[in-house]
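S.K.: Mind having a look at this structure? Questions to follow.
Below is the structure:
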């Protein structure tokens, strides 16, 4: 209230003098009033006038705001989402995933969900608490879980299972419940306002012949808030692929959800159908995977892990992959440890979530995401580099127990000392020192520490030409590139990392509980800080046998060996043969994709091929292939045993067969599991047994896990309509 | 000039004349505006409720008929009050106040009925119920006006004397007790209306502006303390804050305002026409017949109809201020001002919250919203204003 300060000091006497009829009449006239008889005192009069002004401004404010809303904002409101109309998505049946022979890998089955309409709940006196309890009673889903699934992801207290849909979209709160448990909800909807039950198709993963293929196929999940916002075809109830083919080919598989536009009645439950678009079934994907072979590979990998563990190794992870060397098709790919895709369907429990995100990293697809030292399997690269650098394939090279550079001794690891050997022999028996010599000499020729401008860096560049250090282009998400270190890479890494390492050299690793280890790390950091940018002869020597700064993925290794086998062609690996529409018409068929050629002359390649053929016969894999009909089906292979700091060795085996007319490349890698020839090689041999139907030393195509003894040439007839 | 008779005029004709004059002298603009608002309100209530009632298998005219009865009772009460006269009522102000306090206490006992989380009703037979907090507004106005116009022993009735501090404090206590009782229901909106009304009455009664500003400062501090100490329920703070950003929580506290604003914005200049507003007929605005009746007006009657409601409210307030200005005595002036401020605060708050410029508190729109007790209190208020008006006109 306003007032004149002077007035506050007025004495009653003065007021009475002022307060005569004339004054009052003047005021009254000024305010358009008939002459009032009451004696209005100045203070009261002023304040009533203030009140009068307030009344006018209140009315003006309300009228102004009303006009603004109804005239100016009216258009906006009409354009805004009309909450009296609701769009209900009718989920499109997702396309299926077939294996290369036309067997189903992923199909659909009906699942029943309970949904709540949060708008209806919000208008209930208890804000929907009784509805939540009702659903919890019927379905056994904990009330806390239901509440968590009702909270919009845009709210600050949203949990991991928050709802990504719009405010007027019903939120699914109990997933994949039994129909019997919610029968009363289905039959008496009027008794349960705000609750609805819907049936949707979910992935059914349980098929013969028991291939899991979790990493290849992927699973389904709800879209994130940002995905919903960026993709108009997605809504909160959508399911999209996560990982594997489900993700890479989601656009094909998902189809297009139908939309029922419904005008709501006053209860907000149901209403008249205004318009409807029918859902479009997703297209099906034919994978290159063979379900039988995949099951076999998964089993052999798991068995090998168990054998290693029986032998006392941790054997914490592994990967096995089978490629078709003629086109890059991935026939089987197993990653260990794996997971059960089914757990994603009913919503993860905390326990399941903890396992999936735990230290074992079961979600990691080690076939394409693990970066590992290739060890001796890399020697085909060094041999090629040496041959291309002028070392004679007919030459004889010494294989001493250790190769000395300055005061450093680089020892043989896998093999005993041998008399001087050919390069082929060195591959067969896996003599390291022969390759050390090549590497050290090529390093010196490049200029050593002071690299010449024309340094060829033969080993690193050959490795890149074999497809290492870059993405293979496989049609799965999340592939790792691996790593090939040359002088330039070493320099750029140093620029990036030196600051951190120099700081560590200063302060050590106080978080490491083992003081000896902490000191070891610190010394390494100090060394790196001092001259981490220097490409030293030791780096070159280590790399020559696939150790040190060279990391590959199992798929890269398999593809490199496939290229060695097929005459030098590097294919982009594929997991999908083609896409078939719901009507059975072929939408797309994958063509083999050549992405490179090995830098080997035919002579060099033939030389290496022949050397690799001897490895299972009399080399490091001979015991694993004892009893295998190598005369009928020669296998070209290389074992590897990678040393990893502070860990058990990685067991590697890379191969292709038949060596005289290569068709399959098989790679098995198990970390912390011992020697390549003793673990991965036997596992790969069993995979070959299965492919070629080897029983009692006899190959029999009719016993092959592949129907007809080989993968289908094109798309399987069973899924294609002419 | 001939002397026809020496007998004085008989008593009866004079009374009749007085009554006839009273009817003639009534402020028809004021009463007419209130009546028009009541009728528009009844029509809107019918429009907003018949759908729900049909769906519930009930008589669609249920709310309409009850509101019509409320209006009739209200008018009768108003007429009675104006006939009795505010000076007579002043004498019994303490009785009215005491009765209101008793009812407010009674409603907090198990005799009270809880609706939407507020224990504010006493159920009466035949489907009627009483909301003591509405009647308490009138009682507080009568009692506070009485205290504020007690000028002390010298009794210079109309001198521009500010009320003595002890009477200011007494007025605050008189208002404070029912406010506290109402906050215990808890009905924050009604409590705030009474607080604002009493503050306005203090101002009009001539309390020093320093005291008034000091009270504003104290109230601000107290509000801060209440929020900090968590004395308000979370939903009350929510509702107070949500009006600033109704989109923040479209399904929680913001849902009502969002729906109301959607309805009003959709109405445009001419509206959808009575019984044709999609949001109103679809029953999307919660509590539409009470707190959000204005949104039905906005949607169905458009800018023109809703504007008329605002203007009618303005007319009532304008006439009310005039009556206060012309009041023949201090009591009449302060009391009339109290009625005007009460109507002004409540109207502005209600329409403002419908328009999204005021926080959501459950106060009805005078004369328009559904509700018996509110209607009775409002017509009693009209009766009080009329009574002051009649006296000032009669004295002319």
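Chains as they are written, first to last, in my numbering: chain P, 6 to 727; chain C, 300 to 695.
Built from N, CA and C at the ideal position, the CB exists for glycine as well.
Since this is a predicted model, take the numbers as computed values, not measurements.
(1) What are the uninterrupted segments assigned as beta strand (DSSP E) that are 3 or more residues long and contained completely in the segment 99-157 of chain P, given in chain order?
(2) What are the complete alpha helix (DSSP H) segments, minimum 4 residues, inside the segment 240-322 of chain P?
(3) Closest by CA to residue 222/P, which one among 198/P, 291/P, 560/P?
(4) Identify the continuous alpha helix (DSSP H) that holds residue 485/P and give its terminal residues.
(5) Give me the Cα-Cα distance between residue 623/P and residue 433/P, rounded to the nearest whole angstrom.
(6) Are any of the Cβ atoms in chain P nearer than 8 Å to that of residue 445/C?
(7) Taking Cβ-Cβ distances shorter than 7 Å, what residues in chain C pair up with residue 75/P?
(8) Can you list, in chain order, the residues of the segment 380-406 of chain C whose Cβ is nearer than 7 Å to any Cβ on chain P?
(9) Chain C beta carbons: is any one of them nearer than 8 Å to that of residue 134/P?
(10) For residue 628/C, which option in 691/C, 464/C, 471/C, 654/C has the closest C-alpha, if you only look at C-alpha atoms?
(11) Going by C-alpha to C-alpha distance, which of 344/P, 259/P, 337/P, 333/P sits closest to residue 297/P?
(12) Go through the segment 181-232 of chain P residue by residue and report every complete run of the alpha helix (DSSP H) that reaches 4 residues or more, in order.
(13) Going along the segment 475-505 of chain C in order, which residues come within less than 8 Å of chain P, judged by CB to CB distance?
(14) Would you please verify whether the beta carbon of residue 70/P is less than 8 Å from any beta carbon of chain C?
(15) May I ask you to report which of helix, strand or coil DSSP gives residue 551/P?
(16) Within the 8 Å Cβ cut-off, does residue 617/C reach chain P?
(17) Say whether chain C places a C-beta atom closer than 8 Å to the C-beta of residue 60/P.
(18) Quick one: which unbroken alpha helix (DSSP H) runs of 4-plus residues sit fully inside the segment 403-433 of chain C? Chain order, please.
(19) List the whole-angstrom C-beta distance separating residue 562/P from residue 672/P, where the pair is believed to meet the contact cut-off of C-beta under 8 Å.
(20) What does the alpha-carbon distance come out to for the pair residue 717/P and residue 333/P?
(21) I want to know whether the segment 673-689 of chain P touches the segment 567-576 of chain P - three or more CB-CB distances under 8 Å.
(22) Can you tell which of 219/P, 124/P, 264/P has the C-alpha that lies nearest to the C-alpha of residue 201/P?
(23) For the putative contact between residue 603/C and residue 71/P, defined by C-beta atoms under 8 Å, what is the C-beta separation to the nearest angstrom?
(24) Span of the alpha helix (DSSP H) holding residue 598/C?
(25) Against chain P, does residue 331/C count as a neighbour if the rule is that its beta carbon must be under 8 Å from one of theirs?
(26) For residue 496/C, which three-state DSSP category applies?
(27) Give, in chain order, every residue of the segment 148-165 of chain P whose Cβ lies closer than 7 Å to some Cβ of chain C.
(28) Anyone know if the C-beta pair for residue 407/C and residue 595/C falls short of 8 Å?
(29) Interface residues of chain C around residue 53/P at Cβ under 8 Å?
(30) Out of 505/P, 457/P, 232/P, which has the shortest C-alpha to C-alpha gap to residue 492/P?
(31) Closest to residue 127/P by C-alpha separation, out of 418/C, 555/C, 484/C, would be which residue?
(32) Is the segment 192-201 of chain P in contact with the segment 101-111 of chain P, if contact means three or more CB pairs nearer than 8 Å?
(33) Please report the distance separating the alpha-carbon of residue 550/P from that of residue 584/P.
(34) Do we get a CB-CB distance below 8 Å when we pair residue 57/P with the residues of chain C?
(35) On the DSSP bridge assignment, give the partners of residue 177/P in chain order.
(36) Taking 8 Å as the cut-off, does the segment 575-587 of chain C touch the segment 338-358 of chain C (at least 3 CB pairs, one atom from each stretch)?
M.R.: If we stick to the structure as given:
(1) If we require 3 residues or more, the beta strand (DSSP E) runs fully inside the segment 99-157 of chain P come out as 109-121.
(2) The DSSP assignment places complete alpha helix (DSSP H) segments of no fewer than 4 residues inside the segment 240-322 of chain P at 249-253, 255-259, 296-315, in order along the chain.
(3) For the purposes of this step, residue 222/P is taken as the residue at position 217 of the first chain. Answer by Cα proximity: 291/P.
(4) Residue mapping note: residue 485/P aligns to position 480 of the first chain, counting from 1. From DSSP, residue 485/P is part of no alpha helix (DSSP H); its letter is neither H nor E.
(5) As a position in the first chain, residue 623/P is number 618, starting the count at 1. As a position in the first chain, residue 433/P is number 428, starting the count at 1. Near 8 Å, if we compare the C-alpha coordinates of residue 433/P and residue 623/P.
(6) Translated into positions along the second chain, residue 445/C becomes position 146. Chain P contact via Cβ: absent.
(7) For the purposes of this step, residue 75/P is taken as residue 70 along the first chain, with counting starting at 1. Residues of chain C passing the Cβ test: 563, 564, 566, 567, 568, 597, 601, 602.
(8) Against chain P - using a Cβ distance shorter than 7 Å - the segment 380-406 of chain C contributes no residues.
(9) For the purposes of this step, residue 134/P is taken as the residue at position 129 of the first chain. Residue 134/P does not count as touching chain C.
(10) Locating residue 628/C in the second chain gives position 329, counting from the first residue. Comparing Cα positions, the closest option is 691/C.
(11) Working through the first chain from its first residue, we reach residue 297/P at position 292. Minimum Cα distance to residue 297/P is reached at 337/P.
(12) 188-192, 219-222, all fully within the segment 181-232 of chain P.
(13) Correct list: 499, 502, 503, 504, 505.
(14) Along the first chain, read from residue 1 onward, the residue named residue 70/P stands at position 65. Chain C contact via Cβ: present.
(15) Working through the first chain from its first residue, we reach residue 551/P at position 546. Looking at residue 551/P - three-state DSSP - the assignment turns out to be coil, as it is neither helix nor strand.
(16) Translated into the one-based positions of the second chain, residue 617/C becomes position 318. Taking CB atoms only, residue 617/C has a neighbour in chain P less than 8 Å away.
(17) Sequence index remark: in the first chain, residue 60/P carries index 55 (1-based). Interface flag for residue 60/P against chain C is set, since a Cβ pair is found closer than 8 Å.
(18) Runs found: none.
(19) As a working mapping, residue 562/P is identified with position 557 in the first chain. As a working mapping, residue 672/P is identified with position 667 in the first chain. About 5 Å separates the two Cβ atoms, so the contact holds.
(20) Here residue 717/P refers to the residue found at position 712 of the first chain. Here residue 333/P refers to the residue found at position 328 of the first chain. Near 14 Å, if we compare the C-alpha coordinates of residue 333/P and residue 717/P.
(21) In this structure the segment 673-689 of chain P does not lie against the segment 567-576 of chain P, because fewer than three pairs of beta carbons, one per stretch, are closer than 8 Å.
(22) Locating residue 201/P in the first chain gives position 196, counting from the first residue. Residue 124/P is the option with its Cα nearest to residue 201/P.
(23) For the purposes of this step, residue 603/C is identified with residue 304 of the second chain, where counting begins at 1. For the purposes of this step, residue 71/P is identified with residue 66 of the first chain, where counting begins at 1. In fact, because the Cβ distance is near 10 Å, the residues do not count as touching under 8 Å.
(24) Here residue 598/C corresponds to residue number 299 of the second chain, with the count starting at 1. Run containing residue 598/C: 592-599, per the alpha helix (DSSP H) assignment.
(25) Within the second chain, the letter at position 32 stands for residue 331/C. Chain P contact via Cβ: absent.
(26) By one-based count along the second chain, residue 496/C stands at place 197. Correct three-state label for residue 496/C: helix.
(27) So the list is empty, because no residue satisfies the distance condition.
(28) As a first step, residue 407/C must be located in the second chain, where it is residue number 108. As a first step, residue 595/C must be located in the second chain, where it is residue number 296. It is not a contact, given that the beta carbons lie outside the stated cut-off.
(29) For the purposes of this step, residue 53/P is taken as the residue at position 48 of the first chain. Result: 503, 620, 623, 624, 632, 636.
(30) For the purposes of this step, residue 492/P is taken as residue 487 along the first chain, with counting starting at 1. Minimum Cα-Cα distance from residue 492/P among the listed residues 505/P, 457/P, 232/P corresponds to 457/P.
(31) Mapped onto the first chain, residue 127/P falls at position 122. Measuring from the Cα of residue 127/P, the nearest candidate turns out to be 555/C.
(32) With the cut-off at 8 Å, the segment 192-201 of chain P and the segment 101-111 of chain P do not touch.
(33) Working through the first chain from its first residue, we reach residue 550/P at position 545. Working through the first chain from its first residue, we reach residue 584/P at position 579. For the pair residue 550/P and residue 584/P, the Cα-to-Cα distance works out to about 42 Å.
(34) What you label residue 57/P is simply residue 52 of the first chain in a count that begins at 1. So, interface residue.
(35) Taking the first residue of the first chain as 1, we reach residue 177/P at position 172. For residue 177/P, which the question treats as bridged, DSSP gives the partners 120/P.
(36) Yes: the two stretches touch, three or more of their Cβ pairs being nearer than 8 Å.
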